[in-house]
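Data block below; observations after.
Residue numbers (the numbering used here), protein chains in the order written: chain A, 662 to 1044; chain B, 1248 to 1694.
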């Protein structure tokens, strides 16, 4: 095959001692992107292997995100034209959204993958594909009007300090995408408070970092925090035609993604289910004081709750490794997210902080279950 | 009626080329070779010189630490070569078979009249003791130990593995004698599956196991029947080797003939062959291997076996020879997204779940992915039917944390118990190698 020949011909150039050996990791990444590695099993050990690998796992997460991405694009346009009072077609909304989100995706991938490739080269390792998910999650959870240079800065921070310092994909303690958002949240609080979203203005100015001239639209969570009546109907919050971060508004699109992830056995249904259970229980017990026009269960449909439960909490690396730990982890995320929302007016959205907090506790949950196994064994021996 | 234990976790991999019940004798080899590496954890001391004449049953090498433990020639003939590798490591001791096969006479014995020491002595002398594997460490047993129990698994459910019912057919009496002899040393537990020809064995606690692979692994059976605690030793033996022990006492000689499966997608006529331990692989598979592509020959099954070649010799514990495509010339495009209908996967991101369960797969020897840190959780656990946290144990081994390895139950496992987990692992971690290294590390530390 032609492509294979080209890659094979290029191999010596990129190998140790070749002219372009400094880009060896990039070459490896390209080669394994095109072709399944032909490496065969060693003399001892399993000679056959399941066809699943981390590349396919990771790309299935990206596939599961596609409904949210597509809806997010449409919704950006919808909110924009709605606010400026113009009639628009579905295609118009969609194209407008594409123009907004595409630069963000490009910047996030370029910065993140650039750093990953450079570090892989430095450590003489293969490039790990984990960032393909992180890189698409980042544009989906930042506000629509977030300037590109801030995204670049936050992405770089997350990749270096949340992931690579721990040893790369599989070794990180915190979900890197959420660390990006947390960085923005604390470093640029005016951009990120989560109560308002810019829906108008010339987004293209963002590239130059120019101030966005627009009208802000309050998200349902912002209205709740301010004690105002929620204007969005439950139907709108479920379909997702409300202001909010790009990926998080449509419950339906997120649930399609959840179905794909659970079906392909990539995300743990236990975490998703227990997050919703914890959130529902806490929302029922702890309603917003004086909230008008808002049922307790609608808590689960607004803000980043669904998106976090399905795509963030289920990150296998930063969630517990034991099955029992997953139940507790999810439940506490759900409960904690609602507590932060309701009790802390400074943070209208609690999902991000709840997940990051539970990321810290994940090893503790595992510890409890593993330790009980250890104790059982020790007790047996002592008999 | 045997106790029944049902195991939920596990995975049966349906591979193409299972051996049919046809049994024939393999071509006799001119040269037989005994490979010391098959007896893991033993340091060989060669006790013959090239040119010596030996009978079947004469020692070729002994265990350096326990010289009374002999490893004997499977055939009569002339010692042709003591093959050595780096640092003079003994790779094999090769014997040119004589036309007239003479056996060392160990004398027929009534097992009932023997005590434990006499049984041990007979096994050590006849070369059969070396087949006993002990846990902890999954190495050749130490004759000075008094084991808590002896476990025998009378079935293997590894892909393409030989059917023990076929291998033991006609040897039931020897098998019973072997169990009787072992019962003199310690309590014997026998694990069987439904329909086993030895399920009515006396003098042993018989447990029937129902479940998927690796339910046939003796380690899984131990963990579910009578788990090993720190400080305890358990011995394990394969069913055919128990029959060899019985043969020793019933006939007064050792017959190292096995009925092994010759199986796999690259074998033209998968079938059973009667063959002596140490026979040349090429003679066993002669003319029966497809030649249109690069083939990987495995001494053992594709999950736990050792890569071999036509010029090598059948390892002592092997119950099958399998052949699968090597696959290193496949160059599959866009594996991360292409549907790949012919690939087998436990993940629903492939279409294995759409195929009928009876579909047989041709799997090649590719690792099929890059090596990563452990990313997905619960993969090992889903195919690991033991009360052990496999992932945490493997991490403790990688970290070299001996206390934690002990606490997490490393004494109870052997590399083979991790074989199915290694198969399903999407991060392609070499679990069996890591567990082997952990066991060896721990053994060195404790001795």
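We put the beta carbon where it would ideally sit given N, CA and C, even for glycine. All values reported here derive from a predicted model rather than from experimental measurement.
Task: Meets three-Cβ-pair contact criterion under 8 Å: the region 1572-1588 of chain B and the region 1548-1560 of chain B - done: Contact annotation: the region 1572-1588 of chain B does not touch the region 1548-1560 of chain B, with fewer than three C-beta pairs closer than 8 Å.
Task: According to DSSP, residues forming a beta bridge with residue 1572 of chain B - done: B:1542, per the DSSP bridge assignment.
Task: Inter-residue spacing [alpha-carbon to alpha-carbon] between residue 1447 of chain B and residue 1251 of chain B - done: Rounded to whole angstroms, residue 1447 of chain B and residue 1251 of chain B show a C-alpha spacing of 14 Å.
Task: C-alpha gap between residue 1537 of chain B and residue 1472 of chain B, whole angstroms - done: In a straight line, the C-alpha of residue 1537 of chain B is about 43 Å away from that of residue 1472 of chain B.
Task: Cutoff 7 Å: residue 1602 of chain B Cβ touching any chain A Cβ - done: Contact of residue 1602 of chain B with chain A is not assigned, every C-beta pair being separated by 7 Å or more.
Task: Residue of B:1387, B:1370, B:1344 and B:1345 minimising C-alpha distance to residue 1354 of chain B - done: Selected option, being the one with the closest Cα: B:1370.
Open item on the list: For residue 1444 of chain B and residue 1415 of chain B, what's the separation of their Cα atoms in angstroms?
Closed with: In this structure, the straight-line span from the alpha carbon of residue 1444 of chain B to that of residue 1415 of chain B is close to 8 Å.
TODO: Return the Cβ separation of residue 1329 of chain B and residue 1342 of chain B in integer angstroms, given the expectation that the two are a contact with Cβ distance under 8 Å.
DONE: Not really, about 10 Å apart at Cβ, beyond 8 Å.
- [ ] Output yes if chain A places a C-beta closer than 7 Å to the C-beta of residue 1605 of chain B; else output no.
- [x] For residue 1605 of chain B, no Cβ of chain A is located within less than 7 Å of the residue's own Cβ.
TODO: Tell me whether the beta-carbon of residue 925 of chain A lies closer than 7 Å to the beta-carbon of residue 1596 of chain B.
DONE: The Cβ atoms of residue 925 of chain A and residue 1596 of chain B lie closer than 7 Å to each other.
Open item on the list: Suppose the cutoff is 6 Å on Cβ atoms and the five residues either side in sequence are ignored; what does the same chain contact list for residue 1073 of chain A look like?
Closed with: No information on residue 1073 of chain A is available, as it lies outside the stretch 662 to 1044 that chain A covers here.
Task: residue 1466 of chain B and residue 1386 of chain B closer than 7 Å at C-beta - done: No, Cβ-Cβ distance for residue 1466 of chain B and residue 1386 of chain B is not below 7 Å.
- [ ] Leaving aside the five residues before and after residue 1306 of chain B along the sequence, list all residues of the same chain whose C-beta is less than 6 Å from its C-beta, in chain order.
- [x] Cβ neighbours of residue 1306 of chain B beyond the five flanking positions: 1294, 1317 and 1319.
- [ ] From the DSSP output, in three-state form, read off residue 1011 of chain A for me.
- [x] It is coil, neither helix nor strand.
TODO: Could you list which residues in chain B have their beta carbon closer than 8 Å to that of residue 823 of chain A, in chain order?
DONE: In chain order: nothing, as chain B lies at least about 15 Å away.
Task: Straight-line gap, residue 781 of chain A to residue 1633 of chain B (C-alpha atoms, nearest Å) - done: Their Cα atoms are separated by approximately 37 Å.
TODO: Check the Cβ of residue 618 of chain A against every Cβ in chain B and list those closer than 8 Å, keeping chain order.
DONE: Residue coverage of chain A in this structure runs from 662 to 1044, which leaves residue 618 of chain A outside it and unanswerable.
- [ ] Go through its chain and collect everything with a Cβ distance to residue 1018 of chain A's Cβ below 7 Å, but skip five positions before and after it.
- [x] Closer than 7 Å at the Cβ level, and outside the excluded window around residue 1018 of chain A, lie 997.
Open item on the list: Between the region 712-721 of chain A and the region 1665-1684 of chain B, can you find at least three pairs of beta-carbon atoms closer than 8 Å?
Closed with: The region 1665-1684 of chain B is in contact with the region 712-721 of chain A.
TODO: Can you give me, in chain order, the residues of the region 1667-1692 of chain B that have a beta carbon less than 7 Å from any beta carbon in chain A?
DONE: Hits within the stretch, in order: 1669, 1670, 1671, 1673, 1674, 1675, 1677, 1679 and 1680.
Task: Member of B:1425, B:1563, B:1476 and B:1687 whose CA lies at the smallest distance from the CA of residue 1497 of chain B - done: Per the Cα distances, B:1425.
TODO: Report the three-state DSSP secondary structure of residue 939 of chain A (helix, strand or coil).
DONE: Three-state result, residue 939 of chain A: helix.
- [ ] In angstroms with no decimal places, state the Cα-to-Cα distance between residue 1440 of chain B and residue 1665 of chain B.
- [x] Their backbone Cα atoms lie some 21 Å apart in a straight line.
- [ ] Compute the Euclidean distance between the alpha carbons of residue 1249 of chain B and residue 1434 of chain B, then round it to the nearest angstrom.
- [x] Taking the straight line from one Cα to the other gives about 16 Å.
Task: Contacting positions in the region 1511-1541 of chain B - beta carbon closer than 8 Å to chain A - done: Residues passing the 8 Å Cβ filter: none.
Open item on the list: DSSP three-state label for residue 1498 of chain B, please.
Closed with: If DSSP states are grouped into helix, strand and coil, residue 1498 of chain B belongs with the helices.
Task: Span of the beta strand (DSSP E) around residue 727 of chain A - done: Note, residue 727 of chain A: premise wrong, no beta strand (DSSP E); alpha helix (DSSP H) at 715-745.
TODO: Anything in the region 1629-1648 of chain B with a Cβ closer than 8 Å to a Cβ of chain A? List those residues in chain order, please.
DONE: The residues in question are 1634, 1635, 1636, 1638 and 1639.
TODO: Give the single residue among B:1477, B:1314 and B:1357 whose Cα lies nearest to the Cα of residue 1693 of chain B.
DONE: Ranking the options by Cα distance to residue 1693 of chain B, first place goes to B:1477.
TODO: Determine which residues of the region 904-926 of chain A have a Cβ less than 7 Å from any Cβ of chain B, and write them out in chain order.
DONE: So the close ones are 924, 925 and 926.
TODO: On the DSSP bridge assignment, give the partners of residue 1271 of chain B in chain order.
DONE: Residue 1271 of chain B is bridged to B:1520.
Open item on the list: Please report whether the beta-carbon of residue 1545 of chain B lies at a distance below 7 Å from any beta-carbon of chain A.
Closed with: At least one CB atom of chain A sits nearer than 7 Å to the CB of residue 1545 of chain B.
Open item on the list: To be precise: take each residue of the region 1271-1295 of chain B, compare its Cβ to all Cβ atoms of chain A, and keep it if any distance is under 7 Å. Which residues remain?
Closed with: Residues passing the 7 Å Cβ filter: none.
Open item on the list: Comparing C-alpha positions only, which one of A:831, A:902, A:884 and A:994 sits nearest to residue 1621 of chain B?
Closed with: Comparing alpha carbon positions, the residue from A:831, A:902, A:884 and A:994 closest to residue 1621 of chain B is A:831.
Task: Reduced DSSP category for residue 1078 of chain A - H, G, I as helix; E, B as strand; rest coil - done: In the structure displayed, chain A extends from 662 to 1044; residue 1078 of chain A sits before or after that span and is not available.
TODO: Give me whichever residues DSSP pairs with residue 1454 of chain B in a beta bridge.
DONE: B:1250 and B:1438.
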